[in-house]
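Okay, so here's the structure we're looking at.
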Amino acid sequence: MLPLVSLTLFLPLVGAVLILCLPKPATRTVHVIAIITAALTLIGALSMWFQGASGAGFSQVEELQWIPAIGAAYRVGVDGISLPLVLLSAVLFLVAVIYTSSLRERPRAYIALVLLLETASIGTFTALDGILFYVFFEVSLVSMYFMIAGWGHEDRQRAALMFFIYTLLGSLPLLLAILGLYLGSPEPTFDMRAWIENPPLEGAAAMWALVAMLITFAVKIPAVPLHTWLPAAHVQAPTVGSVILAGVMLKFGTYGLVRFALQMTPDAFREAGVVVLVLGVVSALYGAFAALAQSDLKRLVAYTSVNHMGYVIVGVAVAAITLDPSVRTVALDGAVLQMFSHGLVTGALFLLVGMIQDRAHTREMGELGGLLKTVPMLGWTFVLAAFASLGLPGLAHFPAEFQIFLATLSASPAAVVVILGIAIIAGTFLKALRETFLGEPRQRWQSMPDLSAREWLAVGPLLVLTVGTGVAPSWVLGIIHRTTSALAL
Amino acid sequence: MARDLALLIPEIAVLLTAVGALIAEMLRRPQIALLVAVSGLIVATGLTVSLIGEDTTVFGGSFRVDDLSVWAKLILLPATILAIFLARVDVRGTVREGTVYSLLCFATIGALVLAGAGDTMFLVLGTLLTGLATFALVAYPDTDPATEAAMKFFVFASVTGAIMIFGLSYWFGAAGSTLLADLPGMDTMPMAVLLGFVAVVVGLGYKASLVPFHFWAPDAYEGGPLSIAAYLSVVPKIGALFALAQVVRDLPPESGWTAIIAGLAVLTMTYGYLAALVQDNVVRLLAYSSIAQSGYFLLGILAVGASELALPSIILFAAAYAAMNLGAFAVAANIGRTLNDFDGLGRSQPLIGIAMVIFLLSLVGIPPLAGFVGKFLLFAAAIDVQYTWVAVVAIINSVLSLAVYLRLVVPMYRQGNVVVARTDIWLKAVLIIALTVTLLLGVFAQVFVGPFA
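The listed protein sequences correspond, in order, to chains R and W. Using my numbering, the letters of the first sequence map in sequence onto residues 47 to 535. Using my numbering, the letters of the second sequence map in sequence onto residues 227 to 679.
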């Protein structure tokens, strides 16, 4: 029996080390190794996917002694909540390294950072040990910091610094919560399965732990009012950095919200559920309005992420509040599917914005215009991704958001006001499409080339999956549902 | 008697090494002095390994052979070897090269005496022994700044040492014995306990550069040779902190000593990083950073006697700290003393750049590096004894420390001047050893934590 999870997890790291060890490799070699590594990782993730996950608890668990004296071990495994996210990460990192294969500026260090980040991301989703989870969670920060600081745009140093300090400050409360859970366990252990099975804290201690976790995850998600690092980081980050930041790293927050907050302090979460629900609603609406006000295409997409992640928070909060197991299942199904869909759609959007910027060297919508005629393929792909993002039926976000709203309606009808967000996001994207793609083509952009083969390879798979998930969501939902319906809270 | 001496074999080996190095120096054979010092310390380390897990005392309880003192040897002896490598680069070819190696060995004996102290007199002996050897080391270059730094260091040491001895006289009067193990007998005299404790904290706190007894540290680090700064920031400091842990093990818990330690921890961490934030001199920045790091040790000391995590956390962090701090100083020895020297380092010397980033991130406590594992256990120990607020302050300080260390990292990746690194084999050896420990300590943490559970 192959240790599939560990193989998939450490393959990118091996690739990164290989690239660093080669003496003066050609740029081409670096990119080829990167693509092969990411492809192999995707194969690993797919085999994990086909192994599947049983209903309750975790499957494909791999365990290795680490520090038995304090009950810490190397433990990894998956369930229906983490499996889609692992697959999503593997897909996004593959398209990211394909997209980045045109990079000429210090490709070796850049690719090594991307691959290190892939290990950190898959590790965060598969870790079943408190310390291990925290380790991967933080390693992702470091590699993202260096990606933004080294390869970002004009004001990258400041943005990278802000990102690092902000999110480090944000993630340290989680460390306290993990320590609290550890010290509260009857038999001191960092085994997350034990914490889920038997939530170790209760009463005020559980509430404090929950507050600490909420701070951490709200920064990561990001939820209003702790979102201010996001637009700065996104605008300055290189395209691939944005794709991974939005597509994968924001999910650390929502995944943690389910895995830690909901599963390890369920009673406290139920008590505080309304507060979290309000947080989600405010986040979703604020994100939508803020997106509407942007003139910079990349900032706009960044703010729609705040909106979409707000829906996930709403879904998880509803799952915590409701007493009806069937409603809870629907809410969680929606929330997890929303994470998956958001990764695909926003990943595609950031790639497309990056392609526009590569060509026009601007992201200001006012300066663009008429691109649909100049670069029709790029234009229409963007239209498709934008429609997916605004929740058009038949595309990835629709089944997810539909389930979230359905559950919200039966659990706390007042919160359905969040549905307004859809309308605002629709307005935002229609405005963006009009300014950027419609109208008469401008003289300035006449010579703009359309999508190249490399760009097709990068954005194509995401769009196929977006349509596939929208038309037949059951291929993902099936695996999610098996776990969420067996979830005992 | 024979049993007692057998348990002290590592200390005796270090003493013989120091004497051997001195004799070689008297014969004007500095190369041999170096060889004797390094091989003697390696032998002493090897001799210590068989003592792991021992928990006993020798000479009527006055010296302890327990986890703290055994691990002190396993950490400080290799750290001294690395410091000797660094010193070799600084003093090669100078007039009394061999004395430096010999003095480093003597100072290390002092630190080991402190770490195993079971008697108040050993506290005095240990501080004097490390002190006398290190004053001379700081003054070694015979330049004005070095002499001034050594003078400051010396005056500070005399005053704090005198205060400590004065306070210890209270303990002797109250307990009727100089043994630390007899301290619990004073529980009827809380004032005497507290007075003595404050005095001990002054004496050991100076050695460990806790705020407010830290003033000598940045000057001494900057004035003396860099290798001596690296040594001072690791060996005597860890010795003094382990001694503090030995003292509080036997203090009556109701005397309120934990409040004093908690206050000092908060003060030391916060002041250390705030002061580091405004330094332009890399050595001073690292000096203040090492002051702040002492504050983290205090989190573990807070929990001594009440939490099983206390001793493992202190020991593990000591090992991590020794590696990452020596590593950072070794890079500074390679590159230069001001922030400007680091401009563009990451681009022109990628390997040294990566190493420095790893040392600094480890000092912040970013996983999976050594510093994280140590700090993680220290936080756990503090929370375990209900000092959650100190852990919270420590965590906030970790964020502050990120700002401090990024001040070094950011210029490293700027387009800058081409940095020429010294290509000394000794510096390289230190870098590689420190880097390996910093990277892998987390994976093998069980080795340090194992015997306790």
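For every residue, glycine included, the Cβ atom is placed at its ideal position computed from N, Cα and C.
query: Within 10 angstroms of the Cβ of W/Ala620, are there 16 or more other Cβ atoms? Answer buried if so, exposed if not.; result: buried
query: Per DSSP, which one or two residues make a beta bridge with R/Asp175?; result: R/Asp237
query: Classify W/Phe678 as helix, strand or coil using the three-state DSSP reduction.; result: For W/Phe678, the predicted model reports a pLDDT of 45, less than 50, meaning its position is unreliable and no value from the coordinates is stated.
query: Under 6 Å Cβ to Cβ from W/Gly344, same chain only, skipping five residues before and after it: list those, please.; result: Thr283, Gly287, Ser288, Phe289, Arg290 and Leu406
query: Closer than 8 Å is the cut-off here; do at least three beta carbon pairs connect the segment 591-602 of chain W with the segment 462-469 of chain W?; result: no
query: Counting beta carbon pairs with one atom in the segment 377-387 of chain R and one in the segment 479-488 of chain R, are three or more of them shorter than 8 Å?; result: no
query: Quick one: what does DSSP say W/Val245 is sitting in, helix, strand or coil?; result: helix
query: If you measure from the CB of R/Asp370, is any heavy atom of the ligand ZN nearer than 8 Å?; result: This structure lacks the ligand ZN; in fact it carries no ligand of any kind.
query: Taking the beta strand (DSSP E) that R/Val124 belongs to, which residues open and close that run?; result: Ala118 to Val124
query: Taking C-beta pairs closer than 8 Å, name the residues in chain R that W/Ser624 reaches, listed in chain order.; result: Leu214 and Leu218
query: CA-CA distance, W/Phe670 and R/Ile113?; result: 8 Å
query: Measure from the C-beta of R/Leu6 to each C-beta in chain W and report whether the shortest distance is under 9 Å.; result: Outside the displayed span of chain R (47 to 535) sits residue 6 of chain R, for which this structure offers no information.
query: How is W/Thr282 classed by DSSP in three states: helix, strand or coil?; result: strand
query: Under 9 Å, Cβ to Cβ, is there at least one residue of chain R near W/Leu589?; result: no
query: Distance cutoff 9 Å, beta carbons only. Does W/Leu537 sit that close to anything in chain R?; result: no
query: Contact criterion: CB-CB distance below 9 Å. Does W/Ile621 meet it with respect to chain R?; result: yes
query: Does W/Tyr639 get closer than 9 Å to chain R when you measure Cβ to Cβ?; result: yes
query: Three or more C-beta pairs closer than 8 Å, one from the segment 656-675 of chain W and one from the segment 297-312 of chain W: is that the case here?; result: yes
query: In the DSSP assignment, the beta strand (DSSP E) including R/Met202 goes from what residue to what residue?; result: The sequence given here places Arg at residue 202 of chain R; Met does not occur at that position. Taken as a continuous stretch (DSSP letters only), R/Arg202 belongs to no beta strand (DSSP E), being part of the alpha helix (DSSP H) at Arg202 to Gly230.
query: Output, in sequence order along the chain, the residues in the segment 534-565 of chain W whose CB is closer than 8 Å to any CB in chain R.; result: Leu535 and Pro538
query: Can you find a C-beta in chain R that's less than 9 Å from the C-beta of W/Ile278?; result: no
query: Run down chain W in chain order and give the residues with a C-beta less than 7 Å from the C-beta of R/Val188.; result: Leu587 and Ile592
query: Would you kindly check if the distance between the Cβ of R/Ala365 and the Cβ of R/Leu308 is under 9 Å?; result: yes
query: Apart from the five residues just before and just after R/Ser93, which ones in its own chain have a Cβ nearer than 6 Å to its Cβ?; result: Leu50
query: Beta strand (DSSP E) containing R/Trp95: first to last residue?; result: From DSSP, R/Trp95 is part of no beta strand (DSSP E) but of the alpha helix (DSSP H) over Thr73 to Gln97.
query: Going by DSSP in three states, W/Arg322 sits in which element: helix, strand or coil?; result: coil
query: So that I know if they touch, is there some Cβ in chain W lying closer than 9 Å to that of R/Gly196?; result: yes
query: 9 Å is my cut-off, CB to CB: does R/Gly226 come that close to chain W?; result: yes
query: So, does the CB of R/Trp112 fall closer than 9 Å to a CB anywhere in chain W?; result: yes
query: Per the contact definition of three or more C-beta pairs closer than 8 Å, is the segment 420-434 of chain R in contact with the segment 161-168 of chain R?; result: no
query: Can you tell me the Cα-Cα spacing of R/Gly216 and W/Phe602, whole angstroms?; result: 16 Å
query: Nearest chain R C-beta to W/Gln672 closer than 9 Å, yes or no?; result: yes
query: Terminal residues of the continuous beta strand (DSSP E) containing R/Glu109?; result: Ser105 to Ile113
query: Answer with buried or exposed for R/Thr274, where buried requires no fewer than 16 other C-beta atoms within 10 angstroms of its C-beta.; result: exposed
query: Look up W/Val291 in the DSSP assignment and give the residues it is bridged to.; result: W/Thr282
query: On the DSSP letters alone, give me the boundaries of the alpha helix (DSSP H) that W/Ser435 sits inside.; result: Where W/Ser435 is concerned, there is no enclosing alpha helix (DSSP H), given that its DSSP letter is neither H nor E.
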